[in-house]
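So for the sequence shown, my numbering puts the first residue at 10; every next one is plus one.
Where is the CB? At the ideal position from N, CA and C, for every residue including glycine.
The structure presented is a predicted model; accordingly, all values stated were derived computationally and were not measured.
Everything below concerns the one structure shown next.
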Amino acid sequence: MSDRFPVLSGVVKWWRNASPDIRLLVGAVLVAVIGTAGLTPNYFGFTLSWPFAALIAATGWGAGGLAARPMIMLILFGFAQDVSMIFAPLGVFALLNLAVFGVSAALYQMFDTERSGGAAIIIPVSCLLVGFVLLWVIASLTNGNAVRLEPVFLSFLSTMALYVLIAPVFDLGRRPDERGQLS
């Protein structure tokens, strides 16, 4: 890839040498930018089903194992989502982010994704599916009746599409059993 795009070779080299802390910061900035853009639900007259970037971050950061700093970032993003969505009780999105982070960490530790391409695809889909099922259950419980599935499913699809594009940004550069600089 760097042969065709020489400009990107410097970025790729910098990313490979970046510490887990720098990778966490870059991922956090990306989640904040996507989340801020999502506060405007209409673009050019179209209503969009905006993706949940924090769930993508939880899935990606969970691949590196449990660590305190990603959890703190996910809690902060969760509270920001709670405040921006008036209908959500405080703490719901922080709970969702942490649940997806925990499921991701557990699944990545159980399965060998280095040698199994299927696991590398199934694990993120499963983690995001768990997040959206929990979102639907909590929304239905707080609403008093079953919430429509269509908006939740469309958000799941847009989140999966975004995951395909930005997932490498949330790779902290370490495996679940490695000791990195991240704590």
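Residue state for Leu104 is assigned as helix, using DSSP reduced to three classes. For Pro177, the closest of Asn154, Thr68, Leu138, Gly74 by C-alpha to C-alpha distance is Thr68.
For secondary structure counted as the alpha helix (DSSP H) over 4 or more consecutive residues, the region 70-146 holds these complete runs in sequence order: 77-93, 101-119. In terms of Cα proximity to Ala89, the closest of Val112, Ala103, Val109, Leu143 is Ala103.
Within its own chain, the residues whose Cβ lies closer than 6 Å to the Cβ of Met82, once the five positions on either side in sequence are excluded, are Ala37, listed in chain order. Here Met94 is exposed, its C-beta having fewer than 16 other C-beta atoms within 10 Å.
Between Leu64 and Gly111, the CB-CB gap reaches or exceeds 7 Å. CA-to-CA, the gap between Ile175 and Leu150 works out to about 32 Å.
Here Ile43 has Ala62 as same chain residues with Cβ atoms under 6 Å from its own Cβ, once five neighbours each way along the sequence are excluded.
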